[in-house]
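Chemist: So that we are looking at the same thing, I have put the structure below in structure tokens.
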Amino acid sequence: MADVNLIEWAANQPSWARDALRRIATTAEFIVGEEDRAAILERLKHAASGTGTAPNCEPIAPEHLSQCADAGPRAVLASIGPLQNIDRLAKDQQLRFAPRGITLIFGENGSGKSGYARIAKRLCRSLSIDELKGDVFKAKPDGPMQVRLRFQLGDAALTELDWAPDTKPPGALKQISVFDSRNARLYVDQQNRIAYLPVEIAVLEHHGQLCSAFGAEFTTQQTSIEKRLKTPLPAGYAPGGTTQKLLAQLEAKSQTLPKKSELEKLAGLSEAELEELRGLERKLAQDPVAQAATRRRTVQILTRLNDVLKALEEGLSDDVAKQLASLAQNASTTAAAAGLAANQQFAAEPLKHVGGEAWRLLYEAARDFAVLSGGPVDRISDQVGTPCPLCQEPLVHEAAKRMARFNAFVQSEAAKRADAARDALGKARETLETLTVPTTDVVTGTLTAYAGLDAQRASLLIRIEAALTAYTARRSSLLASIAKDDQELAPLPSSLRPTLSADVEKLGAEAIQLEASATHAAALDADRARIASLKDRAKLQHDLPTVLQRLAELQELAATKACQAQVQTRAISLQISALRRKLVTESLQNRIQAEITKLDLDHIPFRVSDTSEQGQSRFSVSLQGIDKIANNQILSEGEQRALALACFLAEIADEGEGYGLVVDDPVSSLDQRRIRLVAERLVHEAAKGRQVIVFTHSLVFFNEVVAQAAKVGDAAPLIKMVIRKTEAQGFGVVEEDTEPWLARSVSVRITDLRARAKQLSGATDFTSDMYRRQAKDFYSDLRETWERSIEEVVLNKTVERLVPDVMTKRLSGVIVSDEDYKAIFFAMKHVSERSGHDMPAGRDIPVPNPKEMLADIQTLDTFQANYKNRRNATAKIRNALEEPAKAALV
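Start counting at 1 in the sequence shown, then tack on 81, and there's your number in our numbering.
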């Protein structure tokens with residue numbers, strides 16, 4: 082039934098949000114498709130910008146909530162398998178499940194049971210998801226992973242499909258919930274989403290998730306835009322001018338952005354304005370003050386250039402060249418000496434070139450990384466058990482010795498001399514590389530006005546360009562000589578510093594004379610301001626594409642921030658909290674407390690808390706202590722598992738439908754009494770009509786579930802399954818409608834073994850690997866059956882493994898004659914040679930054929946039948962010993 086609070090709340094939301102709520106409410110599983118998502122985003126952006134034609138928005142109404150109240154038909158998992166290339170599970174197996182009641186699946190550790198459980202977790206609803214893998218022991222997979230699935234929705238026909246684990250599983254199977262060890266830890270240690278919620282809250286939750294997704298996208302967009310905005314706009318505009326003031330508005334903090342039309346109107350000059358600019362420049366060019374300013378600017382440029390030329394003359398001198406050649410020679414000689422020492426010291430190492438340049442780089446990188454973790458600064462730790470900084474594995478004895486040899490080599494005199502020579506050469510190279518030669522284009526452009534003063538200065542500029550070109554060649558040849566000792570060095574150009582120094586003094590004197598002859602007038606200042614304005618507009622025309630791009634980016638940033646404000650989830654979380662406390666929280670708390678009572682945890686005070694986070698409803702169960710202490714720091718492993726199971730069962734109790742359950746080893750660390758309580762609870766859920774699938778490796782729990790299901794009869798039908806590993810087929814071999822091998826009596830095992838031997842009677846090739854593995858499986862089980870016969874038949878269950886009681890009354894039937902011992906000894910020897918022991922090459926016993934197998938079974942069957950007859954006869958005699966001797970009457 083719809084709750085009007087949601088409709089009232091929606092009435093106060095933007096139109097796009099009301100439309101989004103409607104789309105969510107009328108979509109399967111409340112998950113909108115790409116078309117609806119795009120439509121919602123379009124309406125959101127329009128609401129944020131307020132520009133353009135408003136798209137049509139249809140608000141949510143009560144009838145939309147009524148339409149989605151039905152959660153759809155109940156899903157039932159019918160089977161998993163056959164499988165392809167998942168774990169090491171056999172490919173030709175199919176694990177089927179009862180659609181109603183309990184499918185009880187037993188599998189010992191290492192049988193392949195967990196592989197099927199992991200597949201179920203991927204298919205169904207689970208707090209944690211396990212990654213499915215292929216055979217990790219194979220270097221290359223045999224092919225892609227694939228699972229054949231069969232499931233049913235309501236009364237429809239079975240659906241069968243091949244599912245690839247890298248694709249999304251059928252959505253309907255998410256109705257089925259999974260509980261296992263990893264999920265148990267999550268229930269105990271953290272907050273978890275409330276899985277089953279009323280329609281109103283579910284719609285709001287999905288709306289919150291959609292807003293969070295949009296918000297993440299907007300944040301990514303905002304970050305990208307802000308990164309682009311860090312690139313500065315073109316500079317060089319006159320301070321305080323109209324153009325500069327308009328461009329100053331193009332920044333993220335600006336309250337008002339300029340219009341595109343304003344920028345376009347300001348950019349560029351008409352023909353008349355261009356002619357005006359040329360005339361003003363000619364007029365000012367004759368102004369003595371302008372000519373003096375040109376000379377003073379040139380003085381600054383030439384003074385700086387003189388400093389640069391001095392640094393180039395000194396840094397590229399012949400003395401530097403000789404020193405560089407000496408350092409290169411020393412580095413080469415010491416490196417060769419260190420290499421020779423390394424070849425002698427590391428000749429027996431697995432890899433070549435230890436101690437070489439590439440190896441040294443690797444060693445130093447590993448040592449620097451180890452220092453970050455607290456390792457010594459001058460060496461890599463070489464103690465046994467210390468993690469290797471590269472592979473992170475602890476050093477074994479041999480690896481520690483090798484690391485010690487490496488450290489000793491690096492700290493040796495030869496290595497230190499090579500390091501010192503290499504570092505000295507590296508510093509010289511770095512100094513040479515940082516010595517920058519100005520490009521001729523930059524220098525020519527800077528001194529254009531200088532070259533225009535007279536022909537002599539124009540000629541000097543040409544000499545400057547030639548000198549810079551020569552210095553560039555000299556620097557390149559010096560760098561090349563480091564690696565090539567016969568490199569020919571480019572010559573140094575003649576020094577221009579005296580000529581430049583003399584002209585600097587001359588330019589300064591000319592500037593003083595020009596300034597003395599100048600007359601200042603307000604008209605010249607006005608002309609200068611007009612020239613600056615016209616040049617700014619001409620420059621803006623050149624920079625206009627960049628400026629308009631910045632305007633578009635700022636407009637996009639403003640729109641993104643406006644959209645970000647639209648999708649804040651705080652209001653959604655508050656509304657969810659209000660509805661949840663009214664419709665959910667109290668009921669959930671009561672259910673959790675009821676489950677805690679059922680699993681006998683009443684002696685521990687718990688508190689159930691609920692929160693809303695980014696539009697999602699979450700709950701947690703914690704201890705009611707004075708201090709906030711994690712559950713796993715107080716509760717035992719068994720109590721933690723029981724608490725997790727209580728939360729799981731309480732959570733699914735509000736589904737409204739009898740959806741299925743999958744539980745994998747739910748009783749780990751539980752005592753006998755709680756094992757029985759858990760069995761009772763699962764049978765109770767099955768009696769409600771649920772599909773309950775139980776995986777377990779606990780024979781005690783297996784038997785408890787069977788016993789509890791027997792009590793309720795037809796209300797909770799049960800099918801027993803076994804997953805086992807065999808030599809012939811590998812892991813995950815499925816046996817239907819049967820009990821675990823460990824739970825079977827000797828008689829049942831004999832029947833099973835006889836049937837298996839008959840199945841093999843059609844074989845013709847008794848030498849194949851497949852037949853050999855099948856025979857080995859057969860004799861392994863036959864050996865175990867002989868062992869069980871000692872406990873069950875010979876010792877008459879007087880003592881049983883893992884059973885604390887000793888049944889002394891059963892001693893009356895225990896007799897072991899020499900013939901019994903002999904029969905058991907040779908029978909065990911016979912079957913052991915064909916099963917569990919490696920056969921020596923000198924004793925190649927042929928693989929038994931099916932007739933021999935049947936004969937070996939008959940040996941055991943005959944032994945147990947004869948022994949039981951003698952045991953019964955002996956028991957009668959011994960039972961008489963328990964009575965007093967009968968007195969004779971006279």
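Virtual Cβ for every residue (Gly too), placed ideally from N, Cα, C.
Near Gln404, which residues of its chain fall below 8 Å by C-beta distance, leaving aside the five closest residues on each side in sequence?
Modeler: The residues are Ala509.
Chemist: Helix, strand or coil for Gly69 per DSSP?
Modeler: Absent from the structure is residue 69, since the part of the chain shown begins at 82 and ends at 971.
Chemist: When you compare the CB positions of Asp449 and Ala485, do they come within less than 8 Å of one another, or not?
Modeler: Taking 8 Å as the Cβ cut-off, Asp449 and Ala485 do not qualify as a contacting pair.
Chemist: According to the Cβ coordinates, are Ala809 and Asp858 closer than 8 Å?
Modeler: Cβ atoms of Ala809 and Asp858: closer than 8 Å.
Chemist: In angstroms with no decimal places, state the Cα-to-Cα distance between Arg959 and Lys967.
Modeler: Approximately 15 Å between the Cα atoms of the pair.
Chemist: Starting from Gln302 and walking both ways along the alpha helix (DSSP H), at which residues does that stretch end?
Modeler: Its alpha helix (DSSP H) spans residues 280-310.
Chemist: Measure from the alpha carbon of Gly770 to the alpha carbon of each residue in Gln165, Ile183, Ala106, then state which is nearest.
Modeler: The shortest C-alpha separation from Gly770 is found at Ile183.
Chemist: Entirely within the stretch 230-270 and at least 4 residues each: give me those alpha helix (DSSP H) ranges in chain order.
Modeler: List check, alpha helix (DSSP H) in window: 262-270.
Chemist: In its own chain, which residues sit with a C-beta less than 8 Å from the C-beta of Leu682, not counting the 5 before and 5 after it?
Modeler: Within the same chain, Leu682 has close Cβ partners Glu720, Ala723, Leu724, Ala727.
Chemist: With DSSP as the reference, please indicate the residues paired to Asp745 in a beta bridge.
Modeler: Partner(s): Phe776.
Chemist: Taking the C-alpha atoms as reference points, what is the distance between Cys205 and Trp244?
Modeler: For Cys205 and Trp244, the distance between alpha carbons rounds to 13 Å.
Chemist: For the structure I just gave you, are there three or more beta carbon pairs, one from the stretch 871-878 and one from the stretch 945-953, closer than 8 Å?
Modeler: The stretch 871-878 vs the stretch 945-953: in contact.
Chemist: Rounded to whole angstroms, what is the Cα-Cα separation between Asp522 and Ala551?
Modeler: Those two C-alpha atoms are separated by around 15 Å.
Chemist: Report, in whole angstroms, the separation of the C-beta atoms of Ala319 and Ala640, which I expect to be a contact under 8 Å.
Modeler: The Cβ separation is near 33 Å, so there is no contact.
Chemist: Need the endpoints of the alpha helix (DSSP H) that Gly813 sits in, please.
Modeler: Note, Gly813: premise wrong, no alpha helix (DSSP H); beta strand (DSSP E) at 811-817.
Chemist: Are Arg631 and Leu314 close, meaning C-beta to C-beta below 8 Å?
Modeler: In this structure, Leu314 lies closer than 8 Å to Arg631 by Cβ.
Chemist: Considering only the alpha carbon of each residue, which of Thr832, Met802, Val524, Arg363 lies closest to Ile612?
Modeler: Selected option, being the one with the closest Cα: Arg363.
Chemist: Please list the terminal residues of the continuous beta strand (DSSP E) segment that includes Thr184.
Modeler: Per DSSP, Thr184 belongs to the beta strand (DSSP E) from 182-188.
Chemist: Ordered along the chain, which non-local residues of its own chain (more than five positions away) have a Cβ less than 7 Å from that of Pro136?
Modeler: Glu123, Arg124, His127, listed in sequence order.
Chemist: Can you tell me where the beta strand (DSSP E) with Ala159 in it begins and where it stops?
Modeler: It spans 156-165 - the beta strand (DSSP E) in which Ala159 sits, taken as one unbroken run.
Chemist: Quick check: Leu799 and Leu834, are their CB atoms within less than 8 Å of each other?
Modeler: Contact: no.
Chemist: First and last residue of the beta strand (DSSP E) that includes Thr807?
Modeler: 799-807 is the extent of the beta strand (DSSP E) around Thr807.
Chemist: Work out the CA separation of Val928 and Ser849 for me, nearest whole Å.
Modeler: Cα to Cα, Ser849 sits roughly 10 Å from Val928.
Chemist: Excluding the 5 residues flanking Ala532 on each side, which residues of the same chain have their C-beta closer than 7 Å to its C-beta?
Modeler: Closer than 7 Å at Cβ, skipping near neighbours: Arg538, Ala539, Leu542.
Chemist: Would you give the residue range spanned by the alpha helix (DSSP H) that Asn387 belongs to?
Modeler: That run of the alpha helix (DSSP H) goes 369-396.
Chemist: Start and end of the alpha helix (DSSP H) containing Ser828?
Modeler: Segment 827-840, the alpha helix (DSSP H) holding Ser828.
Chemist: From Thr553 to Leu629, what does the alpha carbon distance come to, in whole angstroms?
Modeler: Taking the straight line from one Cα to the other gives about 40 Å.
Chemist: With distances taken Cα to Cα, identify the nearest neighbour of Trp97 among Met226, Arg203, Lys214, His288.
Modeler: Out of Met226, Arg203, Lys214, His288, His288 has the C-alpha closest to the C-alpha of Trp97.
Chemist: Alpha helix (DSSP H) containing Met909: first to last residue?
Modeler: Start and end: 899-914.
Chemist: Roughly how far, in whole angstroms, is the beta-carbon of Gln175 from the beta-carbon of Gly162, given that I think they are within contact range, below 8 Å?
Modeler: Confirmed, Cβ separation roughly 4 Å.
Chemist: Within the chosen definition, does the stretch 303-314 reach the stretch 581-594 through at least 3 CB pairs nearer than 8 Å?
Modeler: Segments in contact, no.
Chemist: Along the chain, where does the alpha helix (DSSP H) containing Ala316 start, and where does it finish?
Modeler: Unbroken run through Ala316: none, as it is neither H nor E.
Chemist: Beta carbon of Glu634, beta carbon of Leu344: below 8 Å?
Modeler: Not a contact, by the Cβ cut-off of 8 Å.
Chemist: Rounded to whole angstroms, what is the Cα-Cα separation between Phe782 and Arg199?
Modeler: When rounded, the distance between both Cα atoms is 20 Å.
Chemist: Near Tyr902, which residues of its chain fall below 7 Å by C-beta distance, leaving aside the five closest residues on each side in sequence?
Modeler: Answer for Tyr902: no residue qualifies.
Chemist: For Gln630, list the residues DSSP reports as bridge partners.
Modeler: The partner list for Gln630 (beta bridge, DSSP) is empty, contrary to what the question assumes.
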